[in-house]
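2 protein chains.
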Amino acid sequence: MSIRARKGGLARGVAVVGGGLSKLGLFKDRDCKDFFAEAFLEMLDSVDRGVDPGDIEAAYLGNYSNDFFTGQAHWGPIISDLIGLVPKPVTRTEGACAASTLAFREGVMSIASGMYDIVLVGGVEQMSRRTTDEVTQGLGMAGSPYEVAAGFTFPAVFGATATAYFAKYGVDREILFNVTIKSHNNAPFNPKAQFPMSVRDFMNARMEKCRAKGLPIPEWEDEKAFLRDTSVNPPVAWPMHLFDCCPISDGGSCLLLVAEELAGSFTDAPIFVAGIGQGTSYSLHAKKDLTSYEATVYAAKQAYQMAGMTPKDIQFSEVHDCFSMAEIIHLEDLGFFPPGEGWRATAEGLTALDGPMPINTSGGLKAKGHPVGATGTAQILEVWLQLRGMAGGRQVKKPDLRIGASHNLGGTGGTCTFTILERR
Amino acid sequence: MSIRARKGGLARGVAVVGGGLSKLGLFKDRDCKDFFAEAFLEMLDSVDRGVDPGDIEAAYLGNYSNDFFTGQAHWGPIISDLIGLVPKPVTRTEGACAASTLAFREGVMSIASGMYDIVLVGGVEQMSRRTTDEVTQGLGMAGSPYEVAAGFTFPAVFGATATAYFAKYGVDREILFNVTIKSHNNAPFNPKAQFPMSVRDFMNARMEKCRAKGLPIPEWEDEKAFLRDTSVNPPVAWPMHLFDCCPISDGGSCLLLVAEELAGSFTDAPIFVAGIGQGTSYSLHAKKDLTSYEATVYAAKQAYQMAGMTPKDIQFSEVHDCFSMAEIIHLEDLGFFPPGEGWRATAEGLTALDGPMPINTSGGLKAKGHPVGATGTAQILEVWLQLRGMAGGRQVKKPDLRIGASHNLGGTGGTCTFTILERR
Chain V
1 MSIRARKGGL
11 ARGVAVVGGG
21 LSKLGLFKDR
31 DCKDFFAEAF
41 LEMLDSVDRG
51 VDPGDIEAAY
61 LGNYSNDFFT
71 GQAHWGPIIS
81 DLIGLVPKPV
91 TRTEGACAAS
101 TLAFREGVMS
111 IASGMYDIVL
121 VGGVEQMSRR
131 TTDEVTQGLG
141 MAGSPYEVAA
151 GFTFPAVFGA
161 TATAYFAKYG
171 VDREILFNVT
181 IKSHNNAPFN
191 PKAQFPMSVR
201 DFMNARMEKC
211 RAKGLPIPEW
221 EDEKAFLRDT
231 SVNPPVAWPM
241 HLFDCCPISD
251 GGSCLLLVAE
261 ELAGSFTDAP
271 IFVAGIGQGT
281 SYSLHAKKDL
291 TSYEATVYAA
301 KQAYQMAGMT
311 PKDIQFSEVH
321 DCFSMAEIIH
331 LEDLGFFPPG
341 EGWRATAEGL
351 TALDGPMPIN
361 TSGGLKAKGH
371 PVGATGTAQI
381 LEVWLQLRGM
391 AGGRQVKKPD
401 LRIGASHNLG
411 GTGGTCTFTI
421 LERR
Chain P
425 MSIRARKGGL
435 ARGVAVVGGG
445 LSKLGLFKDR
455 DCKDFFAEAF
465 LEMLDSVDRG
475 VDPGDIEAAY
485 LGNYSNDFFT
495 GQAHWGPIIS
505 DLIGLVPKPV
515 TRTEGACAAS
525 TLAFREGVMS
535 IASGMYDIVL
545 VGGVEQMSRR
555 TTDEVTQGLG
565 MAGSPYEVAA
575 GFTFPAVFGA
585 TATAYFAKYG
595 VDREILFNVT
605 IKSHNNAPFN
615 PKAQFPMSVR
625 DFMNARMEKC
635 RAKGLPIPEW
645 EDEKAFLRDT
655 SVNPPVAWPM
665 HLFDCCPISD
675 GGSCLLLVAE
685 ELAGSFTDAP
695 IFVAGIGQGT
705 SYSLHAKKDL
715 TSYEATVYAA
725 KQAYQMAGMT
735 PKDIQFSEVH
745 DCFSMAEIIH
755 LEDLGFFPPG
765 EGWRATAEGL
775 TALDGPMPIN
785 TSGGLKAKGH
795 PVGATGTAQI
805 LEVWLQLRGM
815 AGGRQVKKPD
825 LRIGASHNLG
835 GTGGTCTFTI
845 LERR
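Order-wise, the sequence lines are chains V and P. Quick note: the first sequence uses our numbering, first residue 1, plus one each step. Quick note: the second sequence uses our numbering, first residue 425, plus one each step.
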C-alpha cells in the first residue's frame, strides 16, 4: 500500500558529491562560523565539476548544545547568513553526539521526498570555551535524567559498561588497549586529526621529554606497557583511563547531497546513499543488557534492510568510539563480529587498516577528535573519501572497494544511527 | 528532471489525522514529560478510528532549549521512552520559537520520501523553572549574536520594529491595542489558553479588586483606555508594553501524520498538508527593511507555490504574535493584506473571529500562551480543529471552511515557516 512497501526504501535516490571538514582541535580564539566556513570551502573545492553555492536549496545543521557551550542558540540562520543561503531554510537537528547524522538523514529524506534536489548537511560544535568540568556537565545533560542524578557522567556510564562486558566474557582491561593502539595507528595519516600520533609516538615523545629534562627514562617495552602505566594513562572512571576517552574538540563538517539523477552533473564518481537507520534506547536503569545498544541494533537493521545488504557486505566502517569500550560493543551490535568476539577481532588485528574489516580509518573519535555536533557528518565524510580512493596514507587497499558504513551514537546510547554508502 | 519539477511538490501526500495540546500555563511542579504525555493522550483520543501507538514508526520533537531552561538536553530518547516508541527514532529539531514546525515539516517529508507511513510530530518546552530575567536571557540566545551584544533583547527588537513601522506608515502605538483586544476576545473560548480572558475581563477584574480593597475604582471608558494606562500596562521596551508581549509558558503539543493513502483507515475527515514553506533571515543590522521579514515572505511563497494557492485562498490563519507588532507585519508579509494595511485591517475588525479573515482564533501566543518549542504544532493543531469544525465557541463560521494556514517565527525572524492545511 505504501511507497515503502512497494519500493522497499526511498522514493528517490540520493548521492553524496562533495564534503569538507575543518582541522579538529581546541581553538578558543575562533568560533563555529570559522569552523563551518572552513568545512564549507573545502566542500566546494571537493565537487569535481563544481557547484554554484547559489544552487543549494536548503541545509541541515547538527549541533548538540552551543546553547550551553557558547551561550548562542539558533544556529540555523547564522550558518545560512555565513554561507550566503538566506532566505533559504537551515534546519538544526539534535541527537546529542549523533546530531549531524540526523541532519544527514533529514537531508536525504528531503531530497527523496521531492522537496529539494540539492541540499547541504553538516554539523558544528565549539567545546573549548568551557572548562573540562563544565564540558563533562554539559555532555551529562545528554544522558538520561535518571543517570546523571545517580552520578553517571559519560565516562562512568561507559566504565560500567566495560565492567559488565569484562564480567560477561571473562576478559579484562587489556582488551581496550588494542582499540586505542589501532585507532591511533591510523591518525598520523589524517591531516585533520587532533592527535595525528600513534601510541608509540606518544611513548617516544614522553621518553624524549624525560631525556631532555635529564630525568630517568621510563622503560616501556611496548605500547601496552605504556598504557598500563597510570603515570601517563591515569584512570578517569575505572576501567576507563585517559587513553580510553576521546578528547574535547572544536570543529565543523559538511556534505553535499543531490538527487541521484542529478549526480552526473557534479561528478563521474558519485557515492550513493544505500541505507539510513536511526533508533533510540532506554536509559541505563531500564536496559536488559549493558553490553548491547538496542538503538544501534535497530538502526543497523533498518539500514541493512533498506540497502538490501547484510553485515558481510560492509567492507569498512567508522564506528562511534567515544570510549574504547563503545567501539568493541558496536562491532558486535552492527553484526561485524558475533557477540563477545569484538574484543578478539580487535586483538587479532582484523579491524586494522590492513585487516579484513578496517574500523575507524580516520583515527576515530579518540585520535581524530570529537566535536560532537560535527562528528556524524565527519564520519560519513571519511567513508566518502575512502570510497573515492582519496584517503591518502590511510586509504583502505582492498580491491573493488565499493561499500562502507558509519555508525554514530548520541548520549549514553539514547540516539544511534547507521549509514551505508555505496559506489556503483 | 527532478520529481519536484515533474510533480510540483511532494512525491507523496500527507494527512493530519489527530492532535493534542496540554493546558498551557506555568507549572513548576511538573515537567516536559508531563506536558507531552498530556498532549499525546489527547492525540490518541482525537483519532476517529483510533491508532495503536505501536504503529507509530518515528517521531520528530521541536524544542528550543530545555538545555538552558531545565538543564536536560537530548529529549528525543526521553520522549521515545515516555510514549513507548523505543527503539524507534525520535529526532529533535530546533529553530528557536519555530522548533516544532520544523518537526512538522520533517515529519511530512519523512512520509513523502517513502521512509515512513505513520509519524508523530510535536514539541515541548518548560520555561517556568527560570526567572523572568533568565528567560529573557535564554530567549536572547536565539537572536543574532550581533543583536544581543548590542542590547537587543526580544522586546527591544520588536519595539524597534514597531517604531520603524510607525515612522513608515504614520501611525502610533494605538494600532497595537487592536491586535491585543482581538486575540484576547478569542481566548475565553479556548480551554487550553493560559489567559482565557478578554481585555475587558482583565479590566473588570482590576476594578473588582479595587472595589474589594476599598480603593478608588479607576474609570476606564473602554479597553483602549485600559491599555493606555501604564499603571496596568507598563512599558517593557517602548512601544512594547506588557499587553503587547506574549507570556512565559510551559506546554506540549503533537499531531499525527499519515501517508495520504492510509488516511481513510484513521478517519473520514482527514486534513491534508497542502504547502510547507520555511526560510531564514539576516540579523537586524543587515536587514534592508525592519518592517518585513524575508524569511516569512520566502516561506509563504514556497508554501503557496507548493499548494498552487494564493493568499486569497486562505480562509483563516494562525500568525506568530510573540509581540502585537509582529502580527501586523506578518499579515502583510503573508499577503493577507497589502504592505502598510495590516494595522488598518485589524482596526476595522477584518481579522476578528467573525471577520472575513480570522487571525489567531486560538487567542494567539498572547492569550493562549507560548511554550516556545510546543508553539508551532499547537498553532497547526488549531487550524486542524477549525477545519474539522471542532473549535467550539471559537469556531470560524464561514460556509465551506476548507483552507487554513499557520505562520511560525523563530528568534527575531531568523527562522520562519508557513503551513497550509486543506480539507478536500
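Ideal Cβ positions, reconstructed from N, Cα and C, are used throughout, including at glycine.
- The beta carbons of leucine 485(P) and glycine 495(P) sit no closer together than 8 Å.
- Per DSSP, arginine 211(V) is one residue of the alpha helix (DSSP H) stretching across 199 to 213.
- Within the region 566 to 587 of chain P, contact with chain V at the beta-carbon level (separation under 9 Å) is assigned to Ala566, Gly567, Ser568, Pro569, Val572.
- Taking a contact as a CB-CB distance under 8 Å, the pair alanine 497(P) and threonine 839(P) does not count as one, their CB atoms being some 19 Å apart.
- Taking the beta carbon of glycine 264(V) as reference, no residue of chain P falls within 7 Å; the closest one sits roughly 11 Å away.
- Following the DSSP letters along the chain, one finds arginine 92(V) inside the beta strand (DSSP E) bounded by residues 90 to 94.
- In this chain, the beta strand (DSSP E) harbouring threonine 417(V) covers 415 to 422.
- With respect to chain V, the C-beta atom of proline 477(P) has no partner C-beta closer than 8 Å.
- Nearest to proline 694(P) by C-alpha distance, out of Val440(P), Arg436(P), Leu434(P), is Val440(P).
- In this structure, the straight-line span from the alpha carbon of alanine 378(V) to that of tyrosine 293(V) is close to 22 Å.
- By the Cβ rule, the region 113 to 124 of chain V does not count as touching the region 296 to 313 of chain V, because fewer than three pairs are nearer than 8 Å.
- Between the region 245 to 254 of chain V and the region 466 to 483 of chain P there are fewer than three C-beta pairs closer than 8 Å, too few to call the two in contact.
- Its chain contains Leu176, Phe323, Ser324 as the residues whose beta carbon lies nearer than 6 Å to that of aspartate 244(V), once the 5 sequence neighbours on both sides are disregarded; these appear in chain order.
- Proximity to alanine 588(P) across Ile753(P), Thr799(P), Met781(P) peaks at Ile753(P), based on C-alpha coordinates.
- Collapsing the DSSP output to three states places glutamine 379(V) in a helix.
- For glutamate 718(P), the neighbours in chain V by C-beta distance under 9 Å run, in chain order, Val86, Pro87.
- Counting the other Cβ atoms within 10 Å of the Cβ of serine 110(V) gives 16 or more, which makes it buried.
- Only those residues of the region 103 to 123 of chain V whose C-beta falls short of 9 Å from the nearest C-beta of chain P are listed: Arg105, Glu106, Val108, Met109, Ser110, Ile111, Ala112, Ser113, Gly114, Met115, Tyr116, Asp117.
- A contact between stretches requires three or more CB pairs, one per stretch, nearer than 8 Å, and the region 551 to 567 of chain P meets this requirement with the region 434 to 454 of chain P.
- For the pair of segments examined, the region 185 to 196 of chain V was found to touch the region 349 to 367 of chain V: the number of CB pairs separated by less than 8 Å reaches three.
- Per the coordinates, the alpha-carbon of arginine 394(V) lies some 25 Å from the alpha-carbon of isoleucine 276(V).
- As the crow flies, the alpha-carbon of alanine 142(V) is around 5 Å from that of glycine 411(V).
- For phenylalanine 696(P), no alpha helix (DSSP H) segment is defined; the enclosing uninterrupted segment is the beta strand (DSSP E) at 695 to 704.
- Interface annotation, arginine 473(P): not in contact with chain V, CB-CB separation never under 8 Å.
- By the Cβ criterion, the region 400 to 408 of chain V is not in contact with the region 77 to 89 of chain V, since fewer than three pairs of Cβ atoms, one from each stretch, lie closer than 8 Å.
- Pairing threonine 132(V) with alanine 237(V) gives a Cβ-Cβ distance that is not under 8 Å.
- Look at isoleucine 248(V): its C-beta is not under 8 Å from any C-beta on chain P.
- With fewer than 16 other Cβ atoms from the protein chains shown falling within 10 Å of its own Cβ, isoleucine 217(V) counts as exposed.
- Within the region 560 to 608 of chain P, complete alpha helix (DSSP H) segments of at least 4 residues are found at 569 to 573, 578 to 593, given in chain order.
- In this structure, the CA atom of tyrosine 488(P) is about 38 Å from the CA atom of isoleucine 314(V).
- In chain V, no part has a C-beta under 7 Å from the C-beta of tyrosine 728(P); the shortest such distance is about 15 Å.
- The alpha-carbon of serine 568(P) is positioned some 45 Å away from that of proline 311(V).
- In this structure, the beta-carbon distance from aspartate 321(V) to glutamate 327(V) falls below 8 Å.
- Taking C-beta separations shorter than 7 Å and ignoring five residues to either side along the sequence, the partners of leucine 805(P) in its chain run Gly443, Leu445, Ser677, Leu679, following chain order.
- With a threshold of 8 Å between beta carbons, proline 270(V) makes no contact with chain P.
- Listed in chain order, the positions of the region 488 to 502 of chain P with a beta carbon within less than 8 Å of a beta carbon of chain V are Tyr488, Ser489, Asp491, Phe492, Gly495, Gln496, Ala497, His498, Gly500, Pro501, Ile502.
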